[in-house]
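These notes concern the structure reproduced below.
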Amino acid sequence: MLQLLTTIAESEVAAESAEAAGGISALGLNWKSFLFQLITFVIVLLILKKFVFGKLIAVLDARQKAVEDSLKNAAETEEKLKGAEKTIAKMLSDARKEADEVISSSQKEAAQAVEAAEQKAAKRAEHIVKEAKEQMNVELTKARAELKSETIKLVAVAAERIIGEKLDAAKDARLIDAAITNATKERA
Amino acid sequence: MAKLSRQRVARELARLIVAHPERQHELLRQTAAYLIQNKQTSSAHLLISDIANELLKNQGLLSAEVCSAFGLNQASRSNIVDMLKKATGATNIELNEAVEPELIGGVIVRTPKLELDASVKRQLVQLAGGI
Numbered sequence: 004m005l006q007l008l009t010t011i012a013e014s015e016v017a018a019e020s021a022e023a024a025g026g027i028s029a030l031g032l033n034w035k036s037f038l039f040q041l042i043t044f045v046i047v048l049l050i051l052k053k054f055v056f057g058k059l060i061a062v063l064d065a066r067q068k069a070v071e072d073s074l075k076n077a078a079e080t081e082e083k084l085k086g087a088e089k090t091i092a093k094m095l096s097d098a099r100k101e102a103d104e105v106i107s108s109s110q111k112e113a114a115q116a117v118e119a120a121e122q123k124a125a126k127r128a129e130h131i132v133k134e135a136k137e138q139m140n141v142e143l144t145k146a147r148a149e150l151k152s153e154t155i156k157l158v159a160v161a162a163e164r165i166i167g168e169k170l171d172a173a174k175d176a177r178l179i180d181a182a183i184t185n186a187t188k189e190r191a
Numbered sequence: 008m009a010k011l012s013r014q015r016v017a018r019e020l021a022r023l024i025v026a027h028p029e030r031q032h033e034l035l036r037q038t039a040a041y042l043i044q045n046k047q048t049s050s051a052h053l054l055i056s057d058i059a060n061e062l063l064k065n066q067g068l069l070s071a072e073v074c075s076a077f078g079l080n081q082a083s084r085s086n087i088v089d090m091l092k093k094a095t096g097a098t099n100i101e102l103n104e105a106v107e108p109e110l111i112g113g114v115i116v117r118t119p120k121l122e123l124d125a126s127v128k129r130q131l132v133q134l135a136g137g138i
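Chain order of the listed sequences is A and B.
Take 4 as the starting number for the first sequence in my numbering and just add one per residue.
Take 8 as the starting number for the second sequence in my numbering and just add one per residue.
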């Protein structure tokens, strides 16, 4: 085994020495192959350039443009969205303000209407009470007058009955004589 | 028929009544017919008053209506006649008496020119009116 290893090491040393002695050839380059490959590469490159790269670049450009446009649209859309949100927020705020004002105004009007109605009702009640008192006074005066009249009638009837019961022909004759005497004196 | 003045008619009638007392009813009927014909029925009471005045003025005759509750005794009658004679100057008084119990008491004397109401009824009514 040791002998094998020694053989291998000696061959490697020999190869290194050969490479160091060859230069570029030692790199393994073949000018013909290299040139052929280079020409092939160039041809492929030209073909690709003519038929592929343009379209590829166009596609890539188009895609890039599309992406850029999309990004731009998205940005614009986002801007518009923000603007719309602002507008909506403002409209909502204005609407809330207006609603608050309407509610406040309605409440005021309602309160005023209630107050006015209360005042009107109070005046009406006062008027009704006044009218009722006046009517009551009128009715009272009328009732008093009727009562007085009835009382007088009753008194007269009672007096008639009493006098009629108490009066006789003799007393009546004295009454007549007294009346005639008075009348004579008055005329004299 | 010519229209005569009421005073003239009254004067003539008074004269005829005194001159012909038996024709009183006939005279009154004729007077009524005259008034109706001349459409003067509304002034009949005035004519009666004028006739009474004529009778009193020319003949001293007075007719009086006397109402009492119980009727008059002679003394009351005399008093009334004396009072009427003094008040009217009549010499001959004729009393037409009526009994009205509703007067209660006292007397009412009515002549064409004056009325005396000394009834108890009137006094009560006056009293009631004054309360």
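Glycine residues also receive a C-beta, built at the ideal position from the N, C-alpha and C atoms.
Among the options, which has the Cα closest to the Cα of residue i?
{"i": "L170/A", "options": "S126/B, Q133/B, G137/B, L134/B", "result": "S126/B"}
{"i": "L121/B", "options": "A59/B, R129/B, L79/B, G78/B", "result": "A59/B"}
{"i": "N80/B", "options": "A181/A, A173/A, E189/A, I183/A", "result": "A173/A"}
{"i": "L68/B", "options": "A51/B, V25/B, E33/B, I87/B", "result": "V25/B"}
{"i": "G112/B", "options": "A135/B, Q130/B, Q47/B", "result": "Q130/B"}
{"i": "S70/B", "options": "I43/B, I100/B, K46/B", "result": "I100/B"}
{"i": "G137/B", "options": "A159/A, R147/A, T43/A", "result": "A159/A"}
{"i": "D124/B", "options": "I183/A, V45/A, V62/A", "result": "I183/A"}
{"i": "V16/B", "options": "P28/B, E29/B, N45/B", "result": "N45/B"}
So, with DSSP's three-state summary, where would you put residue i?
{"i": "L53/B", "result": "helix"}
{"i": "L121/B", "result": "coil"}
{"i": "L11/B", "result": "coil"}
{"i": "I111/B", "result": "coil"}
{"i": "L91/B", "result": "helix"}
{"i": "A98/A", "result": "helix"}
{"i": "A87/A", "result": "helix"}
{"i": "L32/A", "result": "coil"}
{"i": "S109/A", "result": "helix"}
{"i": "H27/B", "result": "coil"}
{"i": "K46/B", "result": "coil"}
{"i": "D171/A", "result": "coil"}
{"i": "S126/B", "result": "coil"}
{"i": "N80/B", "result": "coil"}
{"i": "A191/A", "result": "coil"}
Do residue i and residue j have their C-beta atoms closer together than 8 Å?
{"i": "L62/B", "j": "A94/B", "result": "no"}
{"i": "M90/B", "j": "A162/A", "result": "no"}
{"i": "L53/B", "j": "R13/B", "result": "yes"}
{"i": "I179/A", "j": "S75/B", "result": "yes"}
{"i": "A1/A", "j": "S83/B", "result": "Residue 1/A lies beyond the stretch modelled for chain A, which goes from 4 to 191, so this question has no answer here."}
{"i": "G78/B", "j": "V114/B", "result": "no"}
{"i": "V132/B", "j": "E104/B", "result": "no"}
{"i": "L102/B", "j": "V88/B", "result": "yes"}
{"i": "L42/B", "j": "L34/B", "result": "no"}
Strictly by DSSP, which residues pair up with residue i?
{"i": "A181/A", "result": "Per DSSP, none; premise fails for A181/A."}
{"i": "S75/B", "result": "V106/B, V114/B"}
{"i": "L69/B", "result": "I100/B"}
Have a look at residue i and residue j and give me their C-alpha separation to the nearest angstrom.
{"i": "H130/A", "j": "K136/A", "result": "10 Å"}
{"i": "T98/B", "j": "L157/A", "result": "45 Å"}
{"i": "D97/A", "j": "S107/A", "result": "15 Å"}
{"i": "K151/A", "j": "I55/B", "result": "42 Å"}
{"i": "A87/A", "j": "E71/A", "result": "23 Å"}
{"i": "T154/A", "j": "K128/B", "result": "17 Å"}
{"i": "R164/A", "j": "P108/B", "result": "12 Å"}
{"i": "A40/B", "j": "A51/B", "result": "11 Å"}
{"i": "A120/A", "j": "A135/B", "result": "54 Å"}
{"i": "E118/A", "j": "E112/A", "result": "10 Å"}
{"i": "E82/A", "j": "A102/A", "result": "29 Å"}
{"i": "N140/A", "j": "E149/A", "result": "14 Å"}
{"i": "K92/B", "j": "A191/A", "result": "12 Å"}
{"i": "T43/A", "j": "I50/A", "result": "10 Å"}
{"i": "T90/A", "j": "L84/A", "result": "10 Å"}
{"i": "Q31/B", "j": "T38/B", "result": "10 Å"}
{"i": "K35/A", "j": "L48/A", "result": "19 Å"}
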